[in-house]
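One structure is given here, and the rest of the page talks about it.
Numbering (full-length UniProt numbering), first residue to last: 1 to 300.
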């Protein structure tokens, strides 16, 4: 007998109220008999082909402190004696299918994220910091590289330190209390990769071009809370691109990560060709970096 199961669990203990929150949902439960009733396995090596269809609504495999989604295949071999019977469990990694076709078309267009931070002390203005993060699109698939251009215009009298560009994953867990039957949510953030960009001097404008951050192949794709029908997901996964600097500069950009590109092969081929052509044009039109000597002397 072959048993294939997929179970999602979330749970934690509220340290302030001592309430226990836990939720369990079964996404896959299939049993496949290998042999007919009364049939025995002959001596030697025998292979049995097994096919199990994973439903489209199944969530991706995930492991964390507050929740897990695990899939496994259990094989039971029952013999005439207890000593000869055995049971083995084999873990399975499931990746939910998602395509660029499932998201709005405007997300695949270039976009500039702009933000301004005003510094004041005792109602006295100390200047403003403008941040512009340029992206060719905000939807990527697993294994792709996010290429960003960060422009910082520091109009304050103090320099910015430890400017970084980070790729993070935010996970929302939902569980129900054991006795009151009240749902509670918990949010955790995980840093995937961080790129140090350096520092920005006072009253200076700097551009950080071609900041590359790669999305891991083994990461789970974006998993929304509302799955578009049925029950809400007990584990929701979202990706963000964050630009940080000291003191107090933080800019978050939401990203959508899919497991695949376009479902249509013609669309996917055209998309790959368009991406390569855009990269070649950017390399050809890249400007040589120069320094403004007059501005440099005035700042010193």
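Positions of the beta carbon are idealized from the N, C-alpha and C atoms, including for glycine.
(message) Can you give me the C-alpha to C-alpha distance between residue 132 and residue 252, rounded to a whole angstrom?
(response) 11 Å
(message) Can you list, in chain order, the residues of its chain with a C-beta nearer than 8 Å to that of residue 182? Leave out the 5 residues immediately preceding and following it.
(response) 176
(message) For a test of your reading of the model: does the CB of residue 197 fall under 6 Å from any non-hydrogen atom of the ligand SAH? Yes or no.
(response) Annotation note on the ligand SAH: not contained in the displayed structure, which lists no ligands.
(request) Identify the continuous beta strand (DSSP E) that holds residue 149 and give its terminal residues. (result) 145–154
(request) Check each candidate in 256, 273, 265, 208 and name the one with the smallest Cα separation from residue 106. (result) 256
(message) Quick check: what's the CA-CA separation for residue 201 versus residue 17?
(response) 48 Å
(message) With the cut-off set at 7 Å, would you say residue 146 and residue 197 are in Cβ contact?
(response) no
(message) Is the beta carbon of residue 72 closer than 7 Å to that of residue 158?
(response) no
(message) So, with DSSP's three-state summary, where would you put residue 29?
(response) strand
(request) Within its chain, find whatever has a CB closer than 7 Å to the CB of residue 291; leave out the 5 residues flanking it on each side and keep chain order. (result) Annotation note: pLDDT 36 at residue 291 (below 50); position unreliable, coordinate value reported separately. Result list for residue 291: empty, nothing under 7 Å.
(request) May I have the straight-line CA-CA distance separating residue 99 from residue 126, to the nearest angstrom? (result) 46 Å
(message) Which same chain residues end up closer than 8 Å to residue 262 when comparing Cβ atoms and leaving out the 5 residues on each side of it in sequence?
(response) 99, 100, 101, 268, 271
(message) Starting from residue 183, trace the beta strand (DSSP E) in both directions and tell me its first and last residue.
(response) 183–200
(request) Within the same chain, show all residues whose beta-carbon is closer than 6 Å to that of residue 76, passing over the 5 residues directly before and after it, in chain order. (result) 1, 87
(request) Could you tell me which of 149, 50, 51 sits nearest to residue 111, measuring between CA atoms? (result) 149
(request) Just confirm the distance between the C-beta atoms of residue 237 and residue 10, as a whole number of angstroms; I'd bet it's less than 8 Å. (result) Actually they do not touch by this definition, with Cβ atoms about 13 Å apart.
(request) Give me the Cα-Cα distance between residue 24 and residue 58, rounded to the nearest whole angstrom. (result) 14 Å
(message) Assuming contact is defined by CB atoms lying nearer than 7 Å, are residue 94 and residue 61 in contact in what I supplied?
(response) yes
(message) As a quick exercise: from 143, 91, 83, 85, pick the residue whose alpha carbon is nearest that of residue 69.
(response) 91
(request) Could you check what DSSP says for residue 10 in three-state terms: helix, strand or coil? (result) strand
(request) Report the option in 172, 204, 109, 178 whose CA atom is closest to the CA atom of residue 190. (result) 172
(request) Please classify residue 301: does DSSP put it in a helix, a strand, or coil? (result) The shown model of the chain, from 1 to 300, leaves out residue 301, and the question about it has no answer.
(request) Report the residue from 168, 152, 169 whose alpha carbon sits nearest the alpha carbon of residue 161. (result) 152
(message) Just to confirm before moving on: does the CB-CB distance between residue 186 and residue 66 stay below 7 Å?
(response) yes
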